[in-house]
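Novice: When we follow numbering that gives the first Met the number 0, the leftmost residue of the sequence shown carries the number 0, and every step to the right adds one. The structure that follows is given in the form of structure tokens.
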Amino acid sequence: MRPMRQGNVILIYAAPINAADRALEKFLTERQVLPHLALKNDITGHCYRITGQAELYREDGSLYLQVFSEAELIDEVDGSICSSIKVPQGIWLVWVQSEMLAPQR
């Protein structure tokens with residue numbers, strides 16, 4: 000599956016949920032599940048919220064989203080929805096792009 004982007008949040012497909020792989024099973028049991036399904040960008044004020052059956056968790060310093068049934072990643076500013084994308088079932092690496100600076104000459 001191709002990477003997906005919603006604002007400055009990029010989702011990279013990591014694995015199907017039904018993968019019968021011992022490494023994946025070990026990985027899923029050692030994760031730290033986060034108590035929320037939202038990410039906030041303090042610079043832009045955008046909040047990214049996940050709907051549907053999903054878990055957001057941290058493992059070895061990386062952020063992952065496990066989607067159990069099709070979910071939606073919603074981009075909001077001040078409570079108003081800007082846009083949204085559908086996220087298929089699976090395990091996704093979540094990467095939040097930081098500000099890009101122009102090179103100094």
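Ideal placement from N, C-alpha and C gives every residue a C-beta, glycine not left out. Please read these numbers as outputs of a predicted model, since none were measured by experiment.
Alpha carbon to alpha carbon, what distance is there between Val95 and Asn7?
Specialist: Roughly 6 Å separates the two Cα atoms.
Novice: Are there 16 or more other CB atoms within 10 angstroms of the CB of Ala37, so buried, or fewer, so exposed?
Specialist: Looking at its Cβ environment, which holds fewer than 16 other Cβ atoms inside 10 Å, Ala37 is exposed.
Novice: So, helix, strand or coil for Met0, using DSSP?
Specialist: DSSP places Met0 in coil when its eight states are reduced to three.
Novice: Name the two residues that bound the continuous beta strand (DSSP E) containing Thr50.
Specialist: Per DSSP, Thr50 belongs to the beta strand (DSSP E) from 45-50.
Novice: Compare the C-alpha of Thr43 against each of Phe67, Asp74, Leu33, Leu64 and name the closest.
Specialist: For the residues Phe67, Asp74, Leu33, Leu64, the minimum Cα distance to Thr43 belongs to Asp74.
Novice: Give me whichever residues DSSP pairs with Leu153 in a beta bridge.
Specialist: Nothing in the structure corresponds to residue 153, since the chain is present only between 0 and 104.
Novice: Nearest to Leu10 by alpha carbon, out of Leu72, Gln52, Cys81?
Specialist: Comparing Cα-Cα distances from Leu10 to each of Leu72, Gln52, Cys81, the minimum goes to Leu72.
Novice: Following the continuous beta strand (DSSP E) through Ile80, name the residue where it begins and the one where it ends.
Specialist: Start and end: 79-86.
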